[in-house]
Each structure stands twice: as structure tokens, then as C-alpha cells.
Amino acid sequence: MSDFQKVYVDGPFEFDADGNLTVTVKYQSSSASSTGLGLNVHYDSTSMTLTSVTDALGTDAFIALDAQSPVTASANSDGNSGTDV
């Protein structure tokens with residue numbers, strides 16, 4: 005099998021009794037020497053609130069988004085001023 009990197013969303017998309025939605029994003033690589041992963045999640049903060057980021061990749065090379073102060077759309081990396089990163 006050739007080398008690969010795989011990023012995917014895992015699990016059902018169902019709201020819990022409190023209205024919270026959990027999205028699980030998983031990463032898999034066939035090589036321990038993979039150089040990294042960049043991942044942006046764009047959403048409309050007027051209709052959703054990011055409450056936590058957990059189990060970020062277990063290395064020092066990962067900078068997790070602080071759920072208490074998400075980046076606003078000022079960078080506009082997705083071309084949509086109505087979303088946040």
C-alpha cells in the first residue's frame with residue numbers, strides 16, 4: 005500500500021437533548037514523518053457557537069483554536085464574510 009494521509013468526519017450528526025452538535029474530525033497517516041495538517045472550520049457564529057475543541061492531535065505541532073475567542077471573519081479565508089474560522 006502506498007503512503008497516504010486521510011482526513012474525515014466520523015460519526016452521526018445528531019443534536020443532543022441540550023441542542024449541542026458534536027462533530028468529530030479524524031486524521032490518519034501511513035507515515036510517522038508526515039509534515040502536518042492544516043484544517044479550517046468555517047461557520048456562521050450568528051447561528052452557532054463553538055464551545056470546545058478537544059482531543060487535538062497529541063503533538064506539540066498543533067495549535068488548537070480557543071473556543072472562548074474564535075477567529076472572526078476579518079481574514080475571510082473562505083471568501084464569505086458571514087462565516088468565522
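Quick note on our numbering: the sequence shown kicks off at 5 and runs consecutively. Backbone N, C-alpha and C fix where the C-beta goes; we use that ideal spot for every residue, glycine too.
So the beta strand (DSSP E) residue 14 belongs to, where does it begin and stop? 9-14
Quick check on this structure: which residue in 48, 84, 10, 15 has the alpha carbon closest to the alpha carbon of residue 33? 10
Can you grab the Cα-Cα spacing for the pair residue 14 / residue 50, in whole Å? 25 Å
Report the residue from 54, 21, 57, 45 whose alpha carbon sits nearest the alpha carbon of residue 84. 45
DSSP three-state assignment for residue 19, whether helix, strand or coil: strand
Would you list the one or two residues that DSSP bridges to residue 29? 13
What do you reckon, are the CB atoms on residue 43 and residue 27 nearer than 8 Å? no
Given that a residue counts as buried once 16 or more other Cβ atoms are within 10 Å of its Cβ, and exposed if not, what is residue 87? buried
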